[in-house]
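> Take this structure first; my questions come after.
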């Protein structure tokens with residue numbers, strides 16, 4: 001077995017991982033509870049017991065714990081005088097279920113990778129079908145992730161049955177915000193005219209029956225180039241190998257938060273699945289901003 005071709009600053013990496021969990025505890029909210037709550041209640045139609053910023057902590061806890069368990073944790077925090085009041089089951093459920101799930105702001109210029117993975121809806125079950133939805137035979141949700149190739153972080157996560165449509169919407173949303181998406185990497189599922197219409201350089205292998213006579217001009221050109229170079233040379237020249245970084249992301253999220261959801265309702269399953277990637281995105285983003293990244297370096 002040959003020597004590893006990569007090395008890493010393991011002390012920095014370990015500190016980064018520890019910091020990810022430390023920063024998910026809302027110390028600012030604990031310290032400024034009453035100020036935040038007063039601001040929220042100033043124009044609210046009803047009086048709230050906890051500031052909305054506390055919802056993110058509840059969502060983070062829910063990835064690991066059911067709602068009743070979270071209620072117990074909050075009672076303990078209240079007893080320790082870390083928070084002034086606890087919340088009941090219904091309030092916790094409503095806050096987590098209706099939370100606006102936002103991901104960290106993307107860089108002004110970036111290259112993105114898109115792919116989908118399965119989240120099991122019956123613990124220990126096997127992935128049976130590839131279409132999500134509340135159907136009798138469905139055993140998993142298909143969730144699509146668009147990630148920043150270089151920052152190794154999630155830009156968006158959506159439960160979907162149409163990967164192309166969802167990915168295109170994410171790219172267009174980035175462009176509408178003034179972001180420059182330079183490249184789009186994906187597997188053959190993204191070989192579609194809609195992707196090429198975004199104006200981004202598309203690094204996607206064409207399907208076997210792809211035509212050079214029909215479709216978007218950029219796609220026809222890409223098909224001709226692929227056929228001229230062949231897969232291996234095309235892969236090397238286009239840097240297509242980086243697409244596998246998203247598989248590493250999937251693996252990291254599932255190792256951290258598990259491959260299944262506990263909820264029995266379809267809406268609850270969708271929220272839980274998205275929260276896994278939401279939490280991982282913020283944990284990595286915040287830790288990188290404090291400790292810095294510790295990527296593997298090729299030697």
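Numbering (UniProt numbering), first residue to last: 1 to 299.
We put the beta carbon where it would ideally sit given N, CA and C, even for glycine.
1. For residue 119, which residues in the same chain have their Cβ closer than 7 Å to its Cβ, ignoring the five residues on either side in sequence?
2. Report the CB separation of residue 202 from residue 195 in whole angstroms; it is logged as a contact under 8 Å.
3. Which full runs of the beta strand (DSSP E) of 3+ residues lie inside the segment 132 to 192, going along the chain?
4. Identify every residue that forms a DSSP beta bridge with residue 260.
5. Within the same chain, show all residues whose beta-carbon is closer than 8 Å to that of residue 252, passing over the 5 residues directly before and after it, in chain order.
6. Are the segment 277 to 296 and the segment 91 to 107 touching, with three or more C-beta to C-beta distances below 8 Å?
7. Is the beta carbon of residue 37 less than 8 Å from the beta carbon of residue 50?
8. Starting from the Cα of residue 191, find the closest Cα among 171, 88 and 215 and give me that residue.
9. Are residue 243 and residue 113 touching if we call contact CB-CB under 8 Å?
10. Pop quiz: residue 231 and residue 185 are said to be a contact at Cβ under 8 Å. What is the actual Cβ separation, rounded to whole angstroms?
11. Can you tell me where the beta strand (DSSP E) with residue 73 in it begins and where it stops?
12. Measure from the alpha carbon of residue 218 to the alpha carbon of each residue in 158, 229, 29 and 198, then state which is nearest.
13. With a threshold of 16 other CB atoms inside 10 Å of the CB of residue 130, please say whether the residue is buried or exposed.
So, from the data block:
1. If you ignore the 5 residues before and after residue 119, its C-beta comes within less than 7 Å of the C-beta of 140, 141, 143, 259, 260, 261 and 273, all in its own chain and listed in chain order.
2. With a Cβ gap of about 6 Å, residue 202 and residue 195 count as contacting.
3. Considered as a whole, the segment 132 to 192 harbours 140 to 148, 153 to 159 and 180 to 185 as its complete beta strand (DSSP E) runs of no fewer than 3 residues, in chain order.
4. Answer is 120.
5. Only 280 meet the Cβ criterion.
6. A contact exists between the segment 277 to 296 and the segment 91 to 107.
7. With contacts defined by Cβ atoms closer than 8 Å, residue 37 and residue 50 form a contacting pair.
8. It is 215 whose Cα lies nearest to the Cα of residue 191.
9. Pairing residue 243 with residue 113 gives a Cβ-Cβ distance under 8 Å.
10. Residue 231 to residue 185, Cβ: 15 Å. No contact.
11. Counting along the chain, no beta strand (DSSP E) covers residue 73; the unbroken alpha helix (DSSP H) around it starts and ends at 67 to 79.
12. Measuring from the Cα of residue 218, the nearest candidate turns out to be 198.
13. Annotation note: pLDDT 45 at residue 130 (below 50); position unreliable, coordinate value reported separately. Residue 130 should be labelled exposed.
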